Amino acid sequence: MRLLRVNHKIGRALSEELRRRKLSFAQFDILAHVGAAEGGTQQELADSLLVTKGNICQLLDRMEESGLLTRRREGRTNRLYLTDAGRALFDDVVPAHEALIAEQFSALSAEEQVQLLALLRKLDRALAR
10 MRLLRVNHKI GRALSEELRR RKLSFAQFDI LAHVGAAEGG TQQELADSLL
60 VTKGNICQLL DRMEESGLLT RRREGRTNRL YLTDAGRALF DDVVPAHEAL
110 IAEQFSALSA EEQVQLLALL RKLDRALAR
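Residue numbers in the sequence shown follow the working numbering, run continuously in steps of one, and reach 138 at the last position.
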């Protein structure tokens with residue numbers, strides 16, 4: 010229960026930050042993934058976000074309409090790229106997001122953060138089996 014409460018508190022703080030920038034969590038995830046590895050396919054993005062290609066299409070449609078990203082057709086696949094506006098938003102929102110997360114975890118020492126990461130990684134792998 011404590012882990013869920015901590016997740017909820019951090020999620021709420023992150024959600025407020027994204028809301029100020031008029032982004033949903035899903036849009037932020039897409040922006041962060043595409044910005045970190047431009048040229049990937051819609052299917053690769055869907056796989057990394059653990060959603061269906063159909064779900065990702067609707068989000069991509071809205072983000073393309075907003076001028077944040079573009080799809081470039083290559084054969085039967087679409088490759089994803091940020092527009093200049095999308096890149097500017099990425100360059101603004103991703104560092105702010107990372108800083109907010111760092112601030113949330115500042116109650117733990119660097120050593121405790123490393124330990125927590127190792128424990129969460131171990132739990133994540135065990136649950137994936």
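Glycine is no exception: its CB is placed at the ideal position from the N, C-alpha and C atoms. What you are looking at is a predicted structure, and each value in this text was computed from that prediction instead of being measured.
Take the Cβ of residue i as the centre, count every other Cβ of all protein chains shown within 10 Å, and call the residue buried at 16 or more, exposed below.
i: residue 110; result: exposed
i: residue 89; result: buried
i: residue 48; result: exposed
i: residue 1; result: No statement about residue 1 is possible, as the shown extent of the chain runs from 10 to 138 and does not include it.
Could you please give me the residues that DSSP links to residue i through a beta bridge?
i: residue 145; result: Residue 145 is absent from the structure shown; the chain starts at 10 and stops at 138.
i: residue 87; result: 82
i: residue 50; result: 88
So for residue i, helix, strand or coil by DSSP?
i: residue 45; result: helix
By alpha-carbon positions, which one of the options ends up nearest to residue i?
i: residue 79; options: 50, 117 and 128; result: 50
i: residue 16; options: 82, 113, 91 and 105; result: 113
If residue i and residue j are in contact, beta carbons under 8 Å, what's the gap, nearest whole angstrom?
i: residue 77; j: residue 126; result: The Cβ separation is near 31 Å, so there is no contact.
i: residue 44; j: residue 103; result: 7 Å
i: residue 25; j: residue 106; result: That belief does not hold up - the Cβ atoms of residue 25 and residue 106 are roughly 12 Å apart, past 8 Å.
From the beta carbon of residue i, is the nearest beta carbon of chain D less than 7 Å away?
i: residue 69; result: Here there is only one protein chain, and chain D is not present.
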